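A quick write-up on the structure given underneath.
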């Protein structure tokens with residue numbers, strides 16, 4: 009049986025807050041991820057898994073949801 013792409017592929021997990029900052033506020037953003045996609049494709053990354061992005065009071069570094 010042939011493995012599905014997500015079973016055999018390379019999946020790179022991204023934490024947006026620390027990945028790439030494009031507006032100089034010290035916090036990574038989705039635009040930064042888009043600008044670095046070529047760096048992920050060239051070594052053979054098949055998919056990216058982006059950590060959730062939602063409002064947070066940052067008591068637990070973003071793992072606590074405000075709403």
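Numbering (my numbering), first residue to last: 9 to 75.
The beta carbon of each residue, even a glycine, is placed where N, CA and C say it ideally should be.
Predicted, not measured: the structure shown is a model, and the values here were computed from it.
With a cut-off of 8 Å, do at least 3 Cβ pairs link the segment 10-24 to the segment 49-57? Verdict: yes, contact present.
Does DSSP classify residue 35 as helix, strand or coil? The residue labelled residue 35 in the question sits at position 27 within the chain shown. Residue 35: coil per DSSP, three-state reduction.
Around the C-beta of residue 24, are 16 or more other C-beta atoms found within 10 angstroms, so that it is buried, or is it exposed? For the purposes of this step, residue 24 is identified with residue 16 of the chain shown, where counting begins at 1. Buried is the call here.
Look at the alpha carbon of residue 27 and the alpha carbon of residue 43, and state the distance between them as a whole number of angstroms. The count along the chain shown starts at 1 and reaches residue 27 at position 19. The count along the chain shown starts at 1 and reaches residue 43 at position 35. One C-alpha to the other measures close to 11 Å.
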